[in-house]
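There are 2 protein chains.
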Amino acid sequence: MSASTLGTSVPQVNARAKVMGRAQYAGDIQLPGMLHGKVLRSPYPHARIVRVDVSRALALPGVKAVATGADGPQVPWGVHHKERLTLARDVVRFAGEEVAAVAAATEEIARDALDLIEVEYEELPAILTPEEALDPDAPTVHSGRTDNVSHEIRFERGDVDAAFAQAHLVHEATYTTHSQYPGYMEPMASVAAIDPDGRLQVWTSTQSAFLVRARLAAVLELPVSRVRVIQATTGGGFGGKIIEDANSLIAGLLALRTGRPVRVVNNRLEDFLACATSVPERITLKLGMDRAGRIIAKDVRIVADCGAYSGLSAEVMHVSAMRSDNMHRNANVRSRATLVYTHTPPHGAFRGFGGTQMLFALNSHIDTMARQLDLDPLDVHRLNAIERGETSVHGWKIGSTGLVECLAQCAAAIGWHERRGRMARQGIRRRGIGLAAAMHVSGNRTIGDWDGSTVMLKVNEDGRVVLHCSEADMGQGAMTMLSQVVAHELDIPLAHVHVVAPDTDSAPFCIGSLASRVTIVAGNAAIVAAGAARDKLIEQAASMLQAPVAELQCAGGTVHLRAAPERGLTLAELARAHLWRHGGEGIQVTGSWDAATEMFDKNTLMGNIAPAYSFAAQAVEVEVDTETGQVTLVDSFVSDDCGKALNPQAVHGQSNGAAAQAIGWTLYERLQVEDGRIVNGNFADYTMPSPDALPMLRSGIVESNDPHGPYGAKGASETAILPGPGAIANAVFDAIGVRITELPITPEKVLAALRRREEPRHA
Amino acid sequence: MSASTLGTSVPQVNARAKVMGRAQYAGDIQLPGMLHGKVLRSPYPHARIVRVDVSRALALPGVKAVATGADGPQVPWGVHHKERLTLARDVVRFAGEEVAAVAAATEEIARDALDLIEVEYEELPAILTPEEALDPDAPTVHSGRTDNVSHEIRFERGDVDAAFAQAHLVHEATYTTHSQYPGYMEPMASVAAIDPDGRLQVWTSTQSAFLVRARLAAVLELPVSRVRVIQATTGGGFGGKIIEDANSLIAGLLALRTGRPVRVVNNRLEDFLACATSVPERITLKLGMDRAGRIIAKDVRIVADCGAYSGLSAEVMHVSAMRSDNMHRNANVRSRATLVYTHTPPHGAFRGFGGTQMLFALNSHIDTMARQLDLDPLDVHRLNAIERGETSVHGWKIGSTGLVECLAQCAAAIGWHERRGRMARQGIRRRGIGLAAAMHVSGNRTIGDWDGSTVMLKVNEDGRVVLHCSEADMGQGAMTMLSQVVAHELDIPLAHVHVVAPDTDSAPFCIGSLASRVTIVAGNAAIVAAGAARDKLIEQAASMLQAPVAELQCAGGTVHLRAAPERGLTLAELARAHLWRHGGEGIQVTGSWDAATEMFDKNTLMGNIAPAYSFAAQAVEVEVDTETGQVTLVDSFVSDDCGKALNPQAVHGQSNGAAAQAIGWTLYERLQVEDGRIVNGNFADYTMPSPDALPMLRSGIVESNDPHGPYGAKGASETAILPGPGAIANAVFDAIGVRITELPITPEKVLAALRRREEPRHA
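So the protein lines, in turn, are chains P and A.
Using the numbering used here, the letters of the first sequence correspond one by one to residues 2 to 764.
Using the numbering used here, the letters of the second sequence correspond one by one to residues 2 to 764.
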């Protein structure tokens with residue numbers, strides 16, 4: 002009788018702490034003598050800082066420190082380019098940029114002190130759009146650069162022009178995608194303190210404790226060993242909490258400056274201003290198909306806007322430019338992608354990581370072309386889909402794919418074959434259905450030619466296990482997954498595994514939760530670690546039972562003879578006996594796993610960057626009110642090929658959450674930036690979909706059993722966000738015959754498009 | 002140029018945190034919503050609890066919980082016998098026993114609430130002395146027992162009676178030793194809280210985080226994995242903070258009861274009442290010597306008082322009964338030791354652990370007999386001293402001994418040969434010199450047939466090291482020793498090793514700081530762990546430098562070719578390269594070491610329980626005021642054979658602290674228990690020696706280089722307390738010709754003894 006929960010739906014192991022209000026978010030932490038930090042931000046998208054006078058702020062009772070760019074850290078941070086100071090010096094490059102920081106006895110005093118800091122700005126002309134940025138005569142956002150191009154990607158494989166020449170159908174269109182705010186429930190929050198040894202200790206809401214530690218150490222000029230980062234309970238990340246904001250840096254700076262604990266918790270407006278929103282891209286896509294709908298040529302041009310600092314935007318654009326190529330068998334691909342600086346708030350990592358933008362374009366495009374070829378778009382997706390065992394145009398080795406099954410599942414769920422083309426085309430409210438396909442990675446070698454993970458286990462004297470790992474749980478279920486794997490491997494109850502939150506002092510080094518990597522890399526590391534612990538338990542039993550190792554098994558809470566299960570010892574007995582003996586020690590093991598992937602070649606960009614590739618599809622039904630232009634989602638079914646659903650409830654949760662976020666981006670959410678300033682940085686005006694704006698979301702699971710995945714599993718937190726926008730746009734087209742290529746699909750755009758379509762008739 | 006600090010005096014690595022006031026003692030911890038716990042104690046040494054009414058206490062605003070024996074934990078605790086409830090139920094057995102505990106919003110409210118708890122006692126006759134306890138008609142302190150004997154030790158080796166018959170000189174005397182309060186600067190203190198997962202988390206002042214965890218789990222009926230114990234900075238232990246008090250149990254109980262953090266900090270009176278003081282023993286010693294002063298027969302009878310609960314007293318008495326036998330070559334030894342229960346506050350572990358009591362008797366005895374044989378006591382000590390390579394009467398294998406050198410060092414320091422017998426014997430103030438010898442263990446297998454330790458190391462990306470180990474630093478310098486060892490092995494600066502305080506969730510299982518075991522067991526484990534880390538660094542370098550491992554060395558912060566030191570890589574480069582590669586992982590290793598000792602046989606008591614044995618000697622000069630009886634220490638030199646002084650300054654600190662504690666016990670400290678009640682539980686009335694009561698203490702180091710010690714080192718925190726009392730008593734005899742056999746040596750006793758000596762003259 003196995004205790005394993007693998008493949009069954011279990012509540013997340015930290016759910017109780019959260020619903021009981023006992024989980025400690027960074028904003029819940031209270032330390033004796035703790036100060037509160039607040040940040041003064043630039044009101045201008047571009048200005049010279051002429052003078053900063055902090056004397057009045059410093060004189061306010063309760064103010065303990067005021068830091069400015071002049072006296073703040075001089076080491077810039079950033080992923081692709083180290084270009085951003087913690088506090089701006091001399092010049093500000095976006096409205097919202099950090100200019101000064103205050104630590105004070107209360108949050109109110111800190112806020113009041115901000116008003117007393119006198120900053121004299123000389124406003125400068127701002128570059129607010131990529132078009133302006135690319136004007137050869139434009140001034141540069143960053144001095145020392147010859148232009149505003151932050152990063153470029155150029156590649157061609159096969160013979161794209163020749164393939165287009167042979168194509169039966171060529172279609173080109175330009176798609177415009179906008180920026181999305183991550184919208185996690187918990188804004189950025191950190192508490193920094195100086196520990197008794199004088200080291201900097203930071204509790205923070207993050208996806209990666211070790212990346213935060215590395216950046217804090219670099220920017221604050223401390224050895225990494227003089228910094229300790231502990232992941233506080235994290236209320237969502239969605240890419241925005243990798244290391245795309247300055248929150249933990251400012252907390253650390255103020256703690257060093259005052260010698261006291263400092264808490265910096267963004268309010269929602271501050272979070273809109275401080276965080277990296279997703280990268281807006283203008284994508285010009287040209288596809289060539291043969292008569293059967295086979296894609297034979299693809300040309301992609303992207304202009305992406307990273308805002309004032311590049312952050313992870315270059316990597317995001319890289320994904321937009323390349324990843325979708327690997328979904329199809331087409332050998333002729335070409336991309337020219339350009340990332341530009343503007344004087345707008347920085348963009349960066351966001352769930353889907355550039356895939357969402359490109360897949361909106363690609364899925365819209367395939368739908369359009371299938372219709373032109375009088376083909377079923379579903380058939381076109383299936384026809385082009387790469388298959389298991391194939392190597393993609395960029396060298397990716399597809400160990401598993403359930404894309405065709407995902408498409409079939411979605412089609413069945415939405416009634417694709419029965420209803421497509423048979424829906425009423427009259428009346429004010431018209432319905433349509435659409436579908437889309439997507440591909441993502443599970444893991445990614447590109448951070449530093451290592452995509453491994455390490456899990457440390459201790460088997461306690463009661464036979465239960467403590468697990469240390471620094472891959473972050475930010476709500477997606479990493480702790481639950483790790484518990485399930487170890488409980489399965491040792492065949493003990495789930496509750497007998499306790500997962501310790503990431504702590505850089507005690508946990509092994511891990512990269513953290515990004516690129517949908519945790520299930521595959523940490524899941525495999527957990528298998529290795531649990532196996533090492535099991536080996537020790539079995540060896541101990543072998544010596545006590547005088548039996549060969551090969552005749553023993555660890556199951557049901559004991560290690561026993563396979564042939565005589567009653568001859569066994571409990572794990573507790575074994576753990577104690579392993580300790581209390583000659584040459585004894587506690588059972589404490591580590592297990593590491595690194596993906597056998599290949600870093601892409603810097604010149605050719607060929608490689609096999611992920612241990613597994615995930616796929617998803619989505620079908621939706623929309624209702625479009627032709628009088629108001631309002632698009633309402635009536636039904637949605639997203640199907641995720643997660644390899645193997647270790648915890649189906651968690652996969653459905655991720656799929657439905659991803660679908661909601663995709664729907665929000667496609668229909669409702671719109672970061673309004675006017676004259677370079679975010680003007681709707683709150684949840685009243687930035688309209689994330691509330692439950693009443695969503696249908697009862699449905700999701701399905703496809704288990705393609707990846708050969709490299711733990712029990713076949715791949716990541717399940719990002720892929721499902723990818724197909725939604727295309728599916729919705731396609732359904733809108735299906736309903737009213739207009740193609741919206743610029744997101745979001747607002748009533749205004751729908752009405753305008755309807756008018757444009759009708760104008761010729763009335764002309 | 003080596004960075005090693007081994008053998009050089011370095012400030013303790015946590016000294017800065019302590020002197021800056023940044024170290025976090027348990028009493029410094031503040032948690033949100035934290036309550037304060039206080040304990041109601043029995044005023045009677047023996048009484049029946051007729052009724053407890055907590056209703057008025059519970060009604061006091063701010064009181065959150067009141068626990069009593071009836072509703073408190075029903076699982077008893079104790080080391081040798083599980084016999085003590087956290088809160089007494091039905092009966093109290095000593096004045097000071099815990100009867101009820103309150104958790105309230107403030108310490109003041111908690112204290113007020115104690116006054117509102119109504120306890121109706123029926124006072125019962127109390128057994129206050131071992132003599133009463135051993136009366137065959139005495140009622141038993143513990144029901145279910147047939148007598149008041151808690152533990153007995155009986156052994157005989159050789160033919161003791163025959164040897165006495167052959168002896169040239171036989172001398173018998175009875176020595177009485179009293180109880181000493183440990184007198185650490187920081188009283189017992191704990192903070193307990195329920196963590197977000199519902200586990201019990203306890204920060205406490207302790208010598209052993211894992212023993213505390215085990216006891217908390219057992220008594221509060223939780224799996225050990227549901228309990229996390231973190232050692233707070235600990236301000237001294239001296240044996241009293243192993244697990245001899247209920248402080249952490251009560252904090253844990255109240256936290257579970259209230260669901261809130263609870264801090265329980267003893268004030269000094271509470272600490273006197275709650276802690277275990279040292280075991281008072283009455284020792285009747287009979288020695289037989291040949292003409293040359295060779296000990297040929299030894300008979301020991303001990304009656305020891307454990308108070309109401311036995312705690313570690315049985316183990317302490319075991320040491321008194323056996324350990325000193327191993328110091329000499331005498332093969333004829335016999336002991337009959339009886340531990341009895343009385344209705345007095347419990348006794349237990351104390352620095353020296355029973356050795357102090359016996360060595361007061363033995364050193365007094367040797368001095369007396371040497372004088373009777375007209376021999377120099379120094380020669381008698383040397384004559385009898387066991388030597389390196391010998392196996393003692395109980396089977397102990399003496400790997401090293403510096404006892405003869407210690408004696409010589411002390412003799413030289415005090416001017417033994419020049420001054421002995423030549424000091425003025427007239428006048429009111431007379432001076433005398435005395436010396437004594439001692440033996441102790443470094444490590445002890447008897448806790449559970451394991452005396453090992455495990456150290457975990459992480460090499461960070463800056464080439465610095467984080468060290469996890471759960472052997473406690475309570476001021477003696479464990480953290481510094483571990484840092485020195487690892488810094489030496491990796492040849493990095495001391496400041497590049499950060500030692501994390503014991504935390505049962507992350508540190509490997511260790512027994513803790515007792516039996517002078519940490520330097521030898523954890524020091525060796527640290528060598529193993531550092532070696533494992535070094536191996537990984539060297540292997541990494543070998544692959545990067547394309548050089549054979551054998552040609553590489555780790556020194557000066559790099560791994561380089563022995564033959565070409567300029568061809569090397571820094572540890573930081575290697576640690577990063579070890580991580581960022583195919584199959585990479587952070588460098589994280591554990592190293593374990595277990596002493597190759599033999600647990601004693603339960604029947605014969607033969608064994609070899611410690612990896613090494615430590616020795617010490619002390620010589621003192623006293624001045625005795627024959628009019629007031631006041632004994633003043635004029636000079637003291639204690640010489641410690643610690644094998645190898647890894648940090649001489651720390652060894653001297655331990656030696657001088659031990660000497661001060663010995664002097665206090667011998668001359669000043671006197672726990673006054675009247676009618677079973679401690680009446681001087683404060684530092685005004687319990688007179689520990691202040692600096693003006695002490696001479697400038699001097700100490701010397703003998704390095705006997707133990708073959709099992711790390712770099713030859715043995716423990717250096719307990720041995721030096723052992724010879725002091727005998728040396729002082731011998732010096733008093735030398736000064737005024739009277740032998741005080743009952744400690745402490747108070748002016749009253751000196752005057753009474755002087756009078757007794759003079760009476761015959763005047764008779």
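Backbone N, C-alpha and C define an ideal beta-carbon position, used for all residues, glycine too.
> Can you tell me the Cα-Cα spacing of GLY236/A and ARG52/P, whole angstroms?
Replying inline: Residue numbering aside, residue 236/A sits at position 235 when the second sequence is read from its first letter. Residue numbering aside, residue 52/P sits at position 51 when the first sequence is read from its first letter. Straight-line measurement puts the Cα of ARG52/P at about 51 Å from the Cα of GLY236/A.
> Is it true that the CB of VAL320/A sits closer than 7 Å to the CB of ALA354/A?
Replying inline: Locating residue 354/A in the second sequence gives position 353, where the first residue counts as 1. Locating residue 320/A in the second sequence gives position 319, where the first residue counts as 1. In the sequence as displayed, the identity of residue 354/A is Phe instead of Ala. It is a contact, given that the beta carbons lie within the stated cut-off.
> Out of curiosity, what's the CA-to-CA distance linking ALA764/A and ALA753/A?
Replying inline: As a first step, residue 764/A is located in the second sequence; it is residue number 763 there, counting from the start. As a first step, residue 753/A is located in the second sequence; it is residue number 752 there, counting from the start. Bear in mind that a pLDDT of 41 at ALA764/A, under 50, signals an unreliable position, so the model cannot answer this.
>> On the criterion of 16 or more Cβ atoms from any shown chain inside 10 Å, does ALA565/A qualify as buried, or is it exposed?
In response: On the second sequence, residue 565/A is found 564 positions in, with the first residue counted as 1. So ALA565/A counts as exposed.
>> Along the chain, where does the beta strand (DSSP E) containing GLN202/P start, and where does it finish?
In response: To locate residue 202/P, count along the first sequence from 1; it is residue 201. Residues 201-205.
> Could you give the distance in angstroms between the alpha-carbon of ALA4/A and the alpha-carbon of VAL103/P?
Replying inline: On the second sequence, residue 4/A is found 3 positions in, with the first residue counted as 1. On the first sequence, residue 103/P is found 102 positions in, with the first residue counted as 1. If I take the Cα positions, the gap works out to 41 Å.
>> Just to check my reading of the structure: ALA659/P and SER640/P have Cβ atoms closer than 8 Å, yes? What is that Cβ distance to the nearest angstrom?
In response: In the first sequence, counting from the first residue as 1, residue 659/P sits at position 658. In the first sequence, counting from the first residue as 1, residue 640/P sits at position 639. In fact, because the Cβ distance is near 12 Å, the residues do not count as touching under 8 Å.
> Among LEU86/A, VAL487/A and HIS499/A, which has the Cα closest to the Cα of GLY532/A?
Replying inline: If you number the second sequence from 1, residue 532/A lands on position 531. When only C-alpha atoms are compared, the closest one is VAL487/A.
> Which class does THR107/A belong to by DSSP, given the choice of helix, strand or coil?
Replying inline: By one-based count along the second sequence, residue 107/A stands at place 106. Coil.
> What does LEU572/A touch in chain P if you count any residue whose Cβ is under 9 Å from its own?
Replying inline: Within the second sequence, numbered from 1, the residue matching residue 572/A stands at position 571. Within 9 Å Cβ-Cβ: nothing; LEU572/A doesn't reach chain P, min ~11 Å.
> Given a threshold of 16 other Cβ atoms within 10 Å of its Cβ, counted over all protein chains shown, does ARG757/A qualify as buried or as exposed?
Replying inline: Counting from one through the second sequence, the residue named residue 757/A turns up at place 756. Exposed, because fewer than 16 other Cβ atoms sit within 10 Å of the Cβ of ARG757/A.
>> Strictly below 7 Å CB to CB, what residues from chain P border VAL467/A?
In response: Within the second sequence, residue 467/A is the residue found at index 466, counting from 1. Those are SER226 and ASP506, listed as they occur along chain P.
> If SER705/P sits next to THR520/P, beta carbons under 8 Å apart, how far is it from one beta carbon to the other, in whole angstroms?
Replying inline: What you label residue 705/P is simply residue 704 of the first sequence in a count that begins at 1. What you label residue 520/P is simply residue 519 of the first sequence in a count that begins at 1. Between THR520/P and SER705/P the Cβ distance is about 14 Å, and since that is not below 8 Å, they are no contact.
> In chain order, what residues of the same chain have a beta carbon less than 8 Å from the beta carbon of VAL341/P, not counting five sequence neighbours either side?
Replying inline: If you number the first sequence from 1, residue 341/P lands on position 340. Cβ within range, chain order: PRO131, ALA134, LEU135, ASN149, VAL150, SER151, VAL304, ALA305, ASP306 and CYS307.
>> Buried or exposed, going by whether 16 or more other CB atoms sit within 10 Å of the CB of ASP375/A?
In response: As a working mapping, residue 375/A is identified with position 374 in the second sequence. Within 10 angstroms of the beta-carbon of ASP375/A lie fewer than 16 other beta-carbons, which makes it exposed.
> Can at least three beta-carbon pairs, one atom from the region 462-480 of chain A and one from the region 510-525 of chain A, be found at a separation below 8 Å?
Replying inline: yes
> Under 9 Å Cβ-Cβ, which residues of chain P neighbour TRP581/A?
Replying inline: Residue mapping note: residue 581/A aligns to position 580 of the second sequence, counting from 1. Going along chain P in sequence order, the residues near TRP581/A (Cβ under 9 Å) are ILE448, GLY449, ASP450 and TRP451.
> Less than 7 Å separating the beta-carbons of LEU744/A and HIS179/A?
Replying inline: Sequence index remark: in the second sequence, residue 744/A carries index 743 (1-based). Sequence index remark: in the second sequence, residue 179/A carries index 178 (1-based). Yes.
>> Among GLY97/A, TRP451/A, ALA60/A and ASP198/A, whose alpha-carbon lies nearest the alpha-carbon of ARG23/P?
In response: Residue mapping note: residue 23/P aligns to position 22 of the first sequence, counting from 1. The shortest C-alpha separation from ARG23/P is found at ASP198/A.
>> Helix, strand or coil for HIS763/P? Go by DSSP, reduced to three states.
In response: The sequence position of residue 763/P within the first sequence is 762, counting from 1. With a pLDDT of only 46 at HIS763/P, under 50, the local geometry of the prediction cannot be trusted, and the value read off the model is given with reservation. Three-state DSSP puts HIS763/P in a helix.
> How many Å lie between GLY294/A and SER10/A at the Cα?
Replying inline: Counted from its first residue, the second sequence places residue 294/A at position 293. Counted from its first residue, the second sequence places residue 10/A at position 9. When rounded, the distance between both Cα atoms is 40 Å.
> Quick one: what's got a C-beta closer than 6 Å to ALA332/A's C-beta in the same chain, skipping five residues either side?
Replying inline: The sequence position of residue 332/A within the second sequence is 331, counting from 1. The beta carbon of ALA332/A is closer than 6 Å to those of GLY159 and VAL394 in its chain, skipping five residues each way along the sequence.
> In three-state DSSP terms, what is MET323/P?
Replying inline: If you number the first sequence from 1, residue 323/P lands on position 322. Of the three classes helix, strand and coil, the one that applies to MET323/P here is helix, per DSSP.
> Name the DSSP bridge partner or partners of TRP78/P?
Replying inline: Locating residue 78/P in the first sequence gives position 77, where the first residue counts as 1. TRP78/P pairs with ARG85/P.
>> On the DSSP bridge list, what partners appear for TYR342/P?
In response: The residue you call residue 342/P lines up with position 341 of the first sequence. According to DSSP, which records beta bridges pairwise, TYR342/P is partnered with GLY308/P.
>> Buried or exposed, going by whether 16 or more other CB atoms sit within 10 Å of the CB of LEU21/A?
In response: As a working note, residue 21/A is residue 20 in the second sequence. In the sequence under discussion, the amino acid at residue 21/A is Met, which differs from the Leu named in the question. Burial check for MET21/A: the Cβ neighbour count within 10 Å stays below 16, so the residue is exposed.
> Any Cβ of chain A within less than 7 Å of the Cβ of SER593/P?
Replying inline: Position 592 of the first sequence, counted from the start, is the residue given in the question as residue 593/P. It does: the Cβ of SER593/P has a partner Cβ on chain A nearer than 7 Å.
> Relative to chain P, which residues along the region 15-31 of chain A have a C-beta separation below 9 Å, given in chain order?
Replying inline: ASN15, ARG17, ALA18, LYS19, MET21, ARG23, ALA24, GLN25, ASP29, ILE30 and GLN31
> Excluding the five sequence neighbours on either side, which residues of its own chain have a C-beta within less than 8 Å of the C-beta of ALA1/P, listed in chain order?
Replying inline: No answer is possible for residue 1/P: it lies beyond the span of chain P, which begins at 2 and ends at 764.
> For GLY1/A, does the count of other Cβ atoms within 10 angstroms reach 16, so buried, or fall short, so exposed?
Replying inline: Past the boundaries of the shown model lies residue 1/A; chain A is included only from 2 to 764, so the question cannot be answered.
> Alpha carbon to alpha carbon, what distance is there between GLN650/A and MET2/A?
Replying inline: Along the second sequence, read from residue 1 onward, the residue named residue 2/A stands at position 1. Along the second sequence, read from residue 1 onward, the residue named residue 650/A stands at position 649. Annotation note: pLDDT 49 at MET2/A (below 50); position unreliable, coordinate value reported separately. If I take the Cα positions, the gap works out to 23 Å.
> Quick one: any contact between the region 550-570 of chain A and the region 360-368 of chain A, if contact means 3 or more CB pairs under 8 Å?
Replying inline: no
> Across which residues does DSSP place ILE251/A in a beta bridge pair?
Replying inline: Here residue 251/A is taken as the residue at index 250 of the second sequence, counted from 1. In the DSSP output, where bridge partners are listed per residue, ILE251/A has none listed.
> CB-CB under 7 Å to ALA573/A, same chain, minus the five flanking residues each way: which ones, in chain order?
Replying inline: In the second sequence, residue 573/A corresponds to position 572, counting from 1. Cβ neighbours of ALA573/A beyond the five flanking positions: GLU462, ASP463 and GLY464.
>> Distance cutoff 7 Å, beta carbons only. Does HIS81/P sit that close to anything in chain A?
In response: If you number the first sequence from 1, residue 81/P lands on position 80. Not one chain A Cβ lies under 7 Å of HIS81/P.
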